[in-house]
Each structure stands twice: as C-alpha cells, then as structure tokens.
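Chemist: So that we are looking at the same thing, I have put the structure below in structure tokens.
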Amino acid sequence: MILIIISGRFVTNRIKLQLRLIIINKTDFHRSRFTPMFPGKLHRKPHLPTLLGRIVATGLYTFMLMLIAEKLPAKAAVGADGARASHGYTVGTALAYPSTFTHFRSAAPGSNRSCDLRLSTITNFDSLNPWIIRGRYAPGIFEFLYDSLLETSVDELQAGYGLVAQSVTVSPDRHTATFTLRPDARFHDGQQITADDVLFTSEVMRTSGRPFWRSLLRDMTVEVMSDMVVRVTFPDDGDPSDILAFGALPVLPKHYWATRDFGDVTLEIPLGSGPYKITEVEPGQFIRFDRVDDYWAEQLPVRLGTNHFRSITYRYISDKSTRYLSFLRGDIDQLGIDDMRQWESYAGHDAIRQNNIKILSIPAWWPMGMNGFFFNLHDERFQDRRVRKALALLMPFDWVNETQLLSAFRRTSSFFGNTDHEASGVPTPAEQSLMKRFPEHFPPQAFSEAWTPLDASRTIRESLEKALALFEEAGWVYDESSAQLRRVRDGLPLNITVLTSSTTQDKIFAAWEGLLRRAGVAITLQRVDVSSFEHRYRNSDFEMVYRFYIPPVRPGDEQITMWGGPHLQEAGAETILGIDSPAVDDALTRLSLAQSEAERTLAATYLDRALQWGVYAVPTYQNSGTRTAYWADRIQPPTPVPLVGGAAGFWLCGGSDETRPLGG
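Structure, rendered in structure tokens:
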C-alpha cells in the first residue's frame with residue numbers, strides 16, 4: 082500500500098475560530114496602515130476567477146461543484162460499517178438517477194454524429210498545458226481531452242456519477258471516499274488508468290498546479306489501496322463538496338509525464354483519455370479536436386448520447402466586431418452574445434431576418450456574486466471608507482445601461498446574488514441584533530432600508546458635491562489651479578490605476594472616468610494578459626482591480642480568504658483585498674462556526690450586509706442569464722436544455738450532414 086500525506090496539518094480550526102469569536106466580541110481591533118504587497122499563504126479553496134471569456138465554461142463548471150443538491154429519491158448500498166457504496170455521489174440526501182440509469186435525460190442516443198462544430202475564442206494561446214499558472218492555455222482542453230473519476234450531473238446541482246470510477250464509497254461522516262476504478266478505463270494510447278495515475282495527479286497538482294487545485298488538495302491524504310482502488314481522507318473541517326471536487330479532478334497519465342516537465346509551457350499535444358483528442362494546433366489561429374473513434378467510455382450512462390460532433394474547432398478572433406461578423410458570415414456556428422447593443426445593430430442581416438439564426442436564452446441558475454471595481458485596502462488611500470464612498474458616488478451605471486447597453490443588464494448589488502444567502506430588503510430582527518454591535522460599520526439607515534449601489538446618473542451635480550464633501554472630510558481637497566484632487570497633508574494627487582484582463586468594463590469605465598475627472602481624480606485602466614493578471618491579483622499587486630467574484634451557494638471557511646482581516650488569517654498570511662473590519666470578521670467567524678443551515682444563512686446575509694455597507698467595491702452589472710446565437714440548420718441545443726445550460730457535449734447536429742472544411 083502506498084501512502085502519501087498531502088498535508089501534515091490536521092489541527093481542527095473550529096477551536097481556533099471559537100476563540101476568535103471571543104476576541105472579536107471583546108477586543109478592539111487595531112487597523113494596520115499601509116501593508117507591503119506580497120504573496121500570502123492561502124486558506125483552503127480560494128476563489129480566484131478570471132474575467133476572460135475563454136474560461137467562463139470552466140469557471141461555471143468549477144463553482145457548480147460548490148452548490149447544494151436537489152434532494153431527489155434514489156438508493157445507495159450501505160456496508161456493514163455504514164459506508165455507502167454508490168454509482169455516484171451527492172452533497173444532498175440522494176441522487177436523481179438510480180444505478181440502473183442508461184443516460185442523462187438531455188442526451189440523445191442514436192442521433193446524427195456526422196457534423197462538425199466551429200467556435201471562436203477571444204483569447205490567444207501559447208500553451209497546451211492548462212494545469213499550471215504560466216502561459217495562456219488553449220480552450221477546450223478541460224472540457225474534451227480528459228476524463229475524471231466522476232462526471233458532474235447536468236440535471237441536478239452538487240452531484241456526480243461514476244466515469245473513470247465505477248463506484249464511490251463514502252463514510253457516514255464524509256471524511257473518507259474510496260473510489261473503485263473501471264478496469265476498462267484507458268488513456269488514448271491504450272494504457273489502463275490506475276490508482277497510481279490518480280495519486281500522481283493529486284500530488285503533482287498539489288505541488289505545481291493552479292491555485293484552486295493546490296488549495297483543495299493541500300489538506301487531503303491520498304492512499305493507493307490496490308491497482309484499481311484509491312482512498313481519499315478529507316480534513317475534519319472539510320466540506321462535503323470536497324468529495325465532488327476531488328472526483329472532478331482530471332486524471333493525468335503518470336507514464337506520459339514521467340519524461341516531461343509538468344511546469345513547462347508547451348505546445349506538445351498531450352496524452353488524454355476523454356472523448357476528443359487534439360489533432361491540429363496553430364498558435365494564434367486555431368485548435369482542432371477530433372472525436373476518438375474507439376473511446377473507452379462511449380457506452381457508459383454518463384456518456385451515451387453525447388459528443389455528437391465529429392470535430393470541434395476553436396478559431397482565435399480577438400476583435401468583438403470581427404467575431405460577430407464571422408458568425409453572421411457562417412464561419413463559426415455558435416456565438417455567445419455579450420453585447421446586446423452591438424447584436425441589435427445586425428438585426429437587418431439576412432440570416433437573422435430569415436430566421437436561420439436563433440438564440441438560446443438561459444436564465445441564470447448560478448450564483449451571481451459581485452462584479453465591479455474592487456479596492457485594495459493594503460493601499461492606505463482606500464482605508465478611509467469616505468474615500469471609497471466618494472469614488473462610488475460618481476458611478477453613472479443607469480445612464481450607461483440605458484444609453485449604451487440597451488438596458489440589457491442589471492446592477493450588481495450582492496456578494497451572494499442569486500443564492501439563498503443574498504441580503505435583500507430591510508434586515509431581519511436577527512440580522513439587526515448582530516449589526517447593532519458594530520455601529521461604526523453600519524450607519525443608521527442600514528437598519529431601516531435595503532442597501533443599494535450608489536449611482537450618479539440622475540443627480541450628477543448633487544453627486545459631485547457630495548463626493549467632494551466626503552473627500553474633504555477624509556483630507557482631500559480639489560485644487561483648482563491643477564484641476565486635481567490632492568491630499569492636504571502632502572499634496573499627493575489622487576491618481577488610480579485599475580488592473581484588468583478584460584474589455585467588458587470599458588464602456589462603463591469610460592463614463593465613470595469622465596465624472597471622476599470632473600472631481601479631480603485621474604483613473605486609468607491597465608490591461609494585462611490573464612497570467613499576469615492572476616499573478617498580480619494573488620499578490621495584491623494592484624490599486625484597484627476589475628473582477629467578478631462568484632460565491633458558492635453554501636459559503637464557509639473559504640470566505641475568510643476573501644474578506645477576513647489579519648486576526649482570522651493563518652500565521653504570515655495576507656488577504657488579497659486587505660479588508661480589516663470587526664463587523665466583517667464577526668460575520669466570517671459566525672459563518673465558519675454555523676451548525677445548521679439556518680445559522681449559515683443568517684451569518685451569510687449578515688456578511689453580505691457588512692460587505693455592502695463597507696463599500697469595498699464599486700458594483701457594475703451582471704447578466705440575468707446567457708444568450709447564445711446559433712445557426713439552426715447546423716447545430717441544435719439539446720431537449721430539454723440541461724439545468725446547467727448549454728453544456729457543449731449535449732448539443733446536436735442540425736439538418737445538414739455535410740462536412741465543412743476547417744477554414745469555413
């Protein structure tokens with residue numbers, strides 16, 4: 082038996098958190114001033130989403146592992162020791178599909194499988210290694226190239242069914258999970274997938290993988306029990322969803338990587354095990370995946386009736402207008418619509434008028450979170466809430482939405498939007514009793530009204546006057562000779578740089594920048610590639626940052642990494658945003674100590690209100706769902722549409738069986 086200890090830290094954090102709750106309630110907090118920007122040790126499961134379109138599908142796939150399962154009836158075998166052996170796993174009480182299920186309800190066995198799919202990507206790539214932080218990896222690798230122990234269900238939340246694993250046995254306390262692998266599971270070179278491959282994957286991802294995997298795997302113990310059996314032990318303070326997260330870990334071939342450097346940025350076509358393999362790559366142009374003819378899992382219930390496309394090609398098109406026009410010309414088959422104003426400008430196009438192009442609209446089922454411009458409170462200029470509030474006062478969101486975005490968006494207002502933990506309306510008596518203990522954080526109106534984002538659209542003159550008054554209270558005055566806002570004590574102008582890797586904020590930023598300029602504030606965007614963005618974000622190397630925080634529906638200890646002050650961090654750790662608030666820390670501690678869903682909900686809504694009134698971000702906007710345009714004669718969405726939306730593997734061929742050349 083091979084035993085690998087992934088982490089030697091098994092100290093129960095709950096005792097520490099109980100002590101912290103006492104400290105929060107009885108001790109005055111000391112707020113640090115400027116803190117140097119350096120990387121800190123992360124808590125488990127940090128949420129570090131990027132903003133690029135090429136990883137939206139991957140991001141949704143990842144946070145789906147954090148959602149609460151629908152409680153639908155199904156049976157699972159129970160051993161003498163109480164452990165459950167099952168064809169799948171759910172965080173809820175039961176799986177939706179029984180062990181005898183033949184395929185997912187949105188799958189279509191026997192459908193046409195002779196067409197090709199052509200997509201576009203807005204991000205250039207220089208690597209086929211998506212597991213490391215370095216490089217810009219090509220799209221499609223996560224989705225098509227590798228198989229995992231469990232396949233996430235598309236019809237229920239927080240559930241997975243056996244793929245490489247034929248069964249999973251979970252202990253009653255959910256601290257151990259034993260995966261028994263299928264003997265016929267194979268990599269594309271024909272070599273069997275074994276427990277050693279699972280062990281290798283967990284170890285190399287822990288030491289060299291992306292932050293999510295490193296953090297997730299850090300506190301797990303992985304044991305190889307036999308060639309086809311692996312057991313995973315989870316920490317005492319772990320979350321039941323960790324089992325799903327481990328099950329979703331793509332299994333990498335140990336023998337392939339034995340002669341290669343896992344940390345290399347490379348364009349060598351990697352060895353996979355999934356339904357597709359890479360056949361052509363031209364960096365800066367396209368990547369093509371071809372369906373594997375003798376795919377080992379073709380007839381499994383989690384795969385039967387899926388993967389209808391003979392080939393899938395992603396073509397790199399960086400410019401939005403070019404991408405839209407390429408779609409309308411028929412060069413690509415499917416297009417995510419992220420700019421309704423621009424899409425509406427093409428309403429007279431023949432293909433749209435003749436109904437050859439249709440749109441699939443899917444309401445948001447996922448947590449919406451907070452999208453906006455976040456402050457780095459390690460920067461002393463932003464440690465005064467009056468400065469943050471003054472800057473937020475000058476955001477003209479409503480005007481931009483109405484005049485430039487066709488009112489297609491709604492303002493982001495909650496850090497837990499579209500979940501049961503979203504703070505809305507007037508605080509409940511229970512929330513108010515917690516809030517009253519921190520009057521310096523919650524103003525009087527916080528107890529009698531719902532928090533709404535500040536907006537200058539219809540009160541520009543009044544908003545400018547209020548903002549300048551707040552700046553003056555905080556020690557900043559407008560210098561008419563230079564038309565700049567300057568700090569009284571040293572004459573420092575208020576110049577701000579916003580870090581981003583996206584273009585989605587450009588229109589609203591331009592309007593905000595115009596009003597800020599009238600107040601004497603100079604603000605600029607600094608756009609970097611995704612690798613640089615992630616590195617600088619993790620190391621707090623920014624003044625402000627544009628990002629989309631996507632929360633889990635069942636929040637827990639991971640929130641400490643995002644919002645907790647130094648009193649809640651492990652020794653030597655730094656939070657990315659530098660928030661140091663007694664009210665926020667109190668909410669975080671209560672969330673970590675929650676024993677029931679009612680306690681968790683109360684703590685989370687309390688945390689949401691603490692973050693809202695703390696003005697730690699200037700909210701922008703979010704979609705109420707997704708809109709996907711497609712050529713109806715070429716491809717069709719599945720029926721019914723899966724709960725998780727337009728899962729690529731379930732889309733169908735349209736009416737034409739013709740083979741189209743790669744270039745169009």
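Numbering-wise, this note's numbering puts 675 at position 594 of the sequence shown, and it's gapless, one number per residue.
The beta carbon of each residue, even a glycine, is placed where N, CA and C say it ideally should be.
Owing to the predicted nature of the structure, the values given are computational and were not obtained by experimental measurement.
#1: Between the Cα of T707 and the Cα atoms of G328, S562 and I443, which residue gives the shortest distance?
#2: Pick out whichever of S252, Q693 and T387 has its Cα sitting closest to the Cα of T495.
#3: Does the region 346 to 358 come close enough to the region 199 to 219 to have 3 or more Cβ pairs within less than 8 Å?
#4: Looking at the secondary structure, which residues open and close the alpha helix (DSSP H) in which F206 lies?
#5: Assuming N388 contacts G659 (C-beta within less than 8 Å), just tell me the rounded distance between them.
#6: Below 8 Å CB to CB, which residues in the same chain sit around G735 once its five sequence neighbours on both sides are set aside?
#7: Under three-state DSSP, which class holds Y697?
#8: To which residues of the same chain is I413 closer than 7 Å at the C-beta, ignoring the five residues directly before and after it?
#9: For V251, which residues in the same chain have their Cβ closer than 7 Å to its Cβ, ignoring the five residues on either side in sequence?
#10: Select from M306, T288, G241 and P316 the residue whose C-alpha is nearest the C-alpha of H256.
#11: Kindly identify the DSSP beta-bridge partner or partners of D560.
#12: Does the Cβ-Cβ distance between A668 and A684 come in under 8 Å?
#13: With C-beta atoms as the reference, is V303 less than 8 Å away from V311?
#14: I'd like the span of the alpha helix (DSSP H) that includes T642, first residue to last.
#15: Going by CA-CA distance only, name the one from V383, S392, T581 and G411 that's closest to D431.
#16: Residues bridged to Y170 by DSSP?
#17: CB R617 to CB P292, shorter than 8 Å?
#18: Since K401 sits in a beta bridge, which residues does DSSP pair it with?
#19: Determine whether the beta carbon atoms of V481 and K401 lie at a separation below 8 Å.
#20: Taking the DSSP output, what are the residues bridged to F57?
#21: Just how far apart, CA to CA, sit R608 and S296?
#22: Please determine, among A329, G386 and R681, the residue with the shortest C-alpha to C-alpha distance to P719.
#23: Put W338 into one of helix, strand or coil per three-state DSSP.
#24: Just to confirm my understanding: we take V172, look at its own chain, exclude 5 residues before and 5 after, and list those with CB closer than 6 Å. What are they?
#25: Helix, strand or coil: which one does DSSP assign to R372?
#26: By a C-beta neighbour count over all protein chains shown, 10 Å radius and 16 as the cutoff for buried, is T204 buried or exposed?
#27: So I440 is in the beta strand (DSSP E); what residue range does that whole segment cover?
#28: Report yes if the C-beta distance between A691 and V722 is below 8 Å; otherwise report no.
#29: Check the C-beta distance from R384 over to L487 and give it rounded, since I have them as a contact under 8 Å.
#30: What does DSSP give as the partner residue(s) for R267 in the beta ladder?
#31: How many Å lie between L631 and S562 at the Cα?
#32: Between which two residues does the beta strand (DSSP E) carrying Q607 extend?
#33: With DSSP collapsed to three states, give me the class of I359.
#34: Between A189 and E379, what straight-line distance do the alpha-carbon atoms span, to the nearest angstrom?
Modeler: Once the coordinates are examined:
#1: Distances from the alpha-carbon of T707 to those of G328, S562 and I443 put I443 closest.
#2: It should be pointed out that residue 495 corresponds to Ser in this sequence rather than to Thr. Looking at the Cα atoms, Q693 is the closest of the given residues.
#3: As far as the Cβ criterion goes, the region 346 to 358 touches the region 199 to 219, which means the pair count is three or higher.
#4: No alpha helix (DSSP H) holds F206; DSSP gives it neither H nor E.
#5: Contact flag wrong, Cβ pair sits at about 46 Å.
#6: Shown here for G735: same chain residues with a beta carbon closer than 8 Å to its own, the five before and five after excluded, namely C196, W712, A713, D714, R715, I716 and Q717 in chain order.
#7: Correct three-state label for Y697: coil.
#8: These residues qualify, in order along the chain: R199, L200, S201, R396 and S407.
#9: If we look at V251 and ignore the five residues flanking it on each side, its Cβ neighbours are A164, R165, Y170, A258 and I324.
#10: With distances taken between CA atoms, H256 lies nearest to P316 out of M306, T288, G241 and P316.
#11: Looking at the DSSP assignment, D560 forms a beta bridge with Q565.
#12: In contact: A668 and A684 (Cβ atoms closer than 8 Å).
#13: It is a contact, given that the beta carbons lie within the stated cut-off.
#14: Unbroken alpha helix (DSSP H) run through T642: E639 to W644.
#15: Answer by Cα proximity: G411.
#16: Per DSSP, G241.
#17: No. Outside cutoff.
#18: For K401, which the question treats as bridged, DSSP gives no partner whatsoever.
#19: It is not a contact, given that the beta carbons lie outside the stated cut-off.
#20: No answer is possible for residue 57: the residues shown for the chain start at 82 and end at 745.
#21: Cα to Cα, the separation comes out at about 27 Å.
#22: Among A329, G386 and R681, the Cα nearest to that of P719 belongs to G386.
#23: Here W338 sits in helix by DSSP.
#24: Counting only residues of its own chain and dropping the five nearest sequence neighbours on each side, V172 has a CB closer than 6 Å to the CB of A150, Q239, P321 and S322.
#25: Looking at R372 - three-state DSSP - the assignment turns out to be strand.
#26: By the neighbour-count rule (16 or more Cβ atoms within 10 Å), T204 is buried.
#27: Taken as a continuous stretch (DSSP letters only), the beta strand (DSSP E) holding I440 covers I438 to P444.
#28: Not a contact, by the Cβ cut-off of 8 Å.
#29: So it is not a contact: roughly 40 Å between Cβ atoms.
#30: The partner list for R267 (beta bridge, DSSP) reads Q273.
#31: The amino acid at residue 631 is misidentified as Leu; the sequence shows Ile. Going by the C-alpha atoms only, they are around 44 Å apart.
#32: Secondary structure note for Q607: its beta strand (DSSP E) is the uninterrupted segment A603 to R608.
#33: Reduced to three states, the DSSP call for I359 is strand.
#34: E379 has its alpha-carbon roughly 13 Å from the corresponding atom of A189.
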